[in-house]
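Below is one structure, written out as structure tokens, with a few remarks after it.
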Amino acid sequence: MAIHQPEPEAAADDSLPDGALTPLPPLLAAVPPIVRPIVALVLWAWTTLLGSIGTFGRFVLLTVDSVYGLVRDIVRLRHPWRETLTQAWFMMSVSGWPAILISVPLGAIIQIQAGSLAAQVGATSQAGAAGGLGVIRQAAPMISGILMGGAVGAAVAADLGARKIREEIDAIRTLGINPNHRLVAPRLAAMFLVGPLMCILVVFVGMSTIYTMTLVQGGVPGAFFNSFAAFSSTRDLIIAVVKTVVFGILVVLVASQRGFEASGGPKGVADCVNATVVLGVMTTFAANVLITQLLTIWFPDNLGF
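Written out as structure tokens, the structure reads:
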């Protein structure tokens, strides 16, 4: 008669969570456990710094190569103007209406605040100049830059990122074509057309709103135009247009770099679009602070650019 042997009990599952058995980096393994968090933080900061320096270096190379290709093709009469006009129309179509919709309430808010302050100090006749200069010198370039950083930058990054995922960028390089010259340069040229149009559009809508709000607050049209003409000049509008073009060029370059470095399928494209919007808006604010400070130094008689 066979004797039934009890089955051995299953060994307890002593397995560790996923990733727990991953060996430590040699530098962390060589230090005492008590200081490992500090060393890990230092390593992370150092790695992040090196990555940022590398990203900035690639951005500079992309900028130099794209500008060189743009100038060379224009001089040699080989620039793809049809692609430039197509990109310019696309940029205006995605940012034009949002610019109008933002300019109206912003102009109204600026004039309400300026009119209230002017009434408190007894200078209601100067309210138009205060609101108008606020729109031309700061609001118009910033609205244009933020919209281009959000709408235009996202569209450019999504387009180039999708091309990178589909390996179209690699195919272009295989054919002996520089993607910076073929894809980035036309978008830079388009921004030289779109930037001034965006700025003038925002100025027109914003000034129209400020004028309307001045009349609503009981202002006199003659006083509005006289005060505005006394404190503003053509230089203000030119500087606003130049600032808008600079913001737009920075946005296009940031979006192009993010798109060219996209990886990981559709999620990678979404990540590059998100990074483009954040970096584009931050770059716009940083550039505006720098340009405003430089203009204040160069033109001390006309503060507040």
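All you need for our numbering is the position in the sequence shown, starting with 1, plus 760.
Note that CB positions come from ideal geometry on N, CA and C, so glycine has one too.
Because the structure is a prediction, the values reported are computed rather than measured.
Proximity winner among Y828, V1006, F1007, N1034, relative to G1019 (alpha-carbon distances): On the sequence shown, residue 1019 is found 259 positions in, with the first residue counted as 1. Closest by alpha carbon: N1034.
Item to complete: Classify N938 as helix, strand or coil using the three-state DSSP reduction.
Response: Working through the sequence shown from its first residue, we reach residue 938 at position 178. In the structure shown, N938 sits in coil (DSSP, three-state: anything other than H, G, I, E or B).
* Asked: Do S992 and M958 have their CB atoms nearer than 8 Å?
  -> Position 232 of the sequence shown holds residue 992. Position 198 of the sequence shown holds residue 958. Not in contact: S992 and M958 (Cβ atoms no closer than 8 Å).
**Prompt:** Are the beta-carbon atoms belonging to I870 and A889 less than 8 Å from one another?
**Reply:** On the sequence shown, residue 870 is found 110 positions in, with the first residue counted as 1. On the sequence shown, residue 889 is found 129 positions in, with the first residue counted as 1. No, the Cβ-Cβ distance between I870 and A889 is not below 8 Å.
With three or more C-beta pairs closer than 8 Å as the rule, is the stretch 1028-1043 touching the stretch 1000-1019? yes
For A772, count the other beta carbons within 10 Å of its own beta carbon; 16 or more makes it buried, fewer makes it exposed. Which is it? Walking along the sequence shown from the start, residue 772 turns up at place 12. A caution first: A772 carries a pLDDT of 45, below 50, which makes its placement in the model too unreliable to give a value.
Notebook entry, point to check: What does a CB cutoff of less than 7 Å around F952 pick up in its chain, not counting 5 residues either side in sequence?
Noted result: Walking along the sequence shown from the start, residue 952 turns up at place 192. So the list reads V1005, once near-sequence residues are dropped.
In the DSSP assignment, find the unbroken alpha helix (DSSP H) run with V963 in it and report its ends. Numbered from 1 along the sequence shown, position 203 holds the residue referred to as residue 963. It spans 945-976 - the alpha helix (DSSP H) in which V963 sits, taken as one unbroken run.
task = Using the Cα positions of F850 and V916, report the straight-line distance between them to the nearest angstrom.
result = By one-based count along the sequence shown, residue 850 stands at place 90. By one-based count along the sequence shown, residue 916 stands at place 156. Going from the Cα of F850 to the Cα of V916 covers about 10 Å.
- On a CA-only basis, which of Q880, G856, L866, G909 is nearest F1045? Give me that one, please. Residue numbering aside, residue 1045 sits at position 285 when the sequence shown is read from its first letter. Here the closest residue by C-alpha is G909.
Q: Output the distance between the C-alpha atoms of K1027 and T934, rounded to the nearest integer angstrom.
A: On the sequence shown, position 267 is the one that residue 1027 refers to. On the sequence shown, position 174 is the one that residue 934 refers to. Going from the Cα of K1027 to the Cα of T934 covers about 26 Å.
Taking only three categories from DSSP, how would you classify E927? What you label residue 927 is simply residue 167 of the sequence shown in a count that begins at 1. Correct three-state label for E927: coil.
Give a yes or no on contact between the stretch 962-975 and the stretch 846-863, applying the rule of three or more CB pairs nearer than 8 Å.
yes
task: Check G1025 in the structure and name its three-state DSSP category.
output: Indexing the sequence shown from 1 puts residue 1025 at position 265. In the three-state scheme derived from DSSP, where H, G and I count as helix and E and B as strand, G1025 is classed as coil.
For V1000 and L1050, I'd like the C-alpha separation in whole angstroms.
For the purposes of this step, residue 1000 is taken as the residue at position 240 of the sequence shown. For the purposes of this step, residue 1050 is taken as the residue at position 290 of the sequence shown. First, the amino acid is wrong: residue 1000 is Ala here, not Val. Cα to Cα, A1000 sits roughly 14 Å from L1050.
Collapsed DSSP secondary structure at S1016 in the structure displayed: On the sequence shown, position 256 is the one that residue 1016 refers to. In this structure, S1016 counts as helix in the three-state DSSP scheme.
*asked:* Tell me the rounded alpha-carbon separation between D724 and R947.
replied: There is simply no residue 724 to check, as the chain begins at 761 and stops at 1065 in what is shown.
### Query
Looking at the unbroken alpha helix (DSSP H) that takes in P840, where does it start and where does it end?
Mapped onto the sequence shown, residue 840 falls at position 80. Per DSSP, P840 belongs to no alpha helix (DSSP H) and is neither H nor E.
V944 versus L961, G856, A1015, residue with shortest Cα-Cα distance = Here the question's residue 944 lines up with position 184 in the sequence shown. Taking only the C-alpha atoms, the option nearest V944 is A1015.
request  = Decide if A914 is buried, meaning its Cβ has at least 16 other Cβ atoms within 10 Å, or exposed.
outcome  = The residue you call residue 914 lines up with position 154 of the sequence shown. With 16 or more Cβ atoms within 10 Å of its Cβ, A914 is classed as buried.
Exercise for the section: Please confirm whether G867 and T969 have their CB atoms less than 8 Å apart. Expected result: Translated into the one-based positions of the sequence shown, residue 867 becomes position 107. Translated into the one-based positions of the sequence shown, residue 969 becomes position 209. Cβ atoms of G867 and T969: closer than 8 Å.
task: Take A989 and list the residues in its own chain whose beta-carbon comes closer than 8 Å to its own, dropping the five residues that flank it on each side.
output: Taking the sequence shown and counting its residues from 1, one reaches residue 989 at position 229. Nothing listed; no residue qualifies.
Item to check | Identity of the residue in L810, E1021, P840 nearest A949 by Cα | outcome: Taking the first residue of the sequence shown as position 1, residue 949 is located at position 189. That would be P840, whose Cα lies nearest to the Cα of A949.
Exercise. Would you call S855 buried or exposed, if buried means 16 or more other Cβ atoms sit within 10 Å of its Cβ?
Worked result: Counted from its first residue, the sequence shown places residue 855 at position 95. Flag for S855 reads buried.
| query | Assuming N940 contacts L845 under a Cβ cut-off of 8 Å, what Cβ separation, rounded to an integer in Å, is found between them? | reply | Numbered from its first residue, the sequence shown carries residue 940 at position 180. Numbered from its first residue, the sequence shown carries residue 845 at position 85. Actually they are not in contact, since the Cβ atoms of N940 and L845 sit about 20 Å apart, beyond 8 Å.
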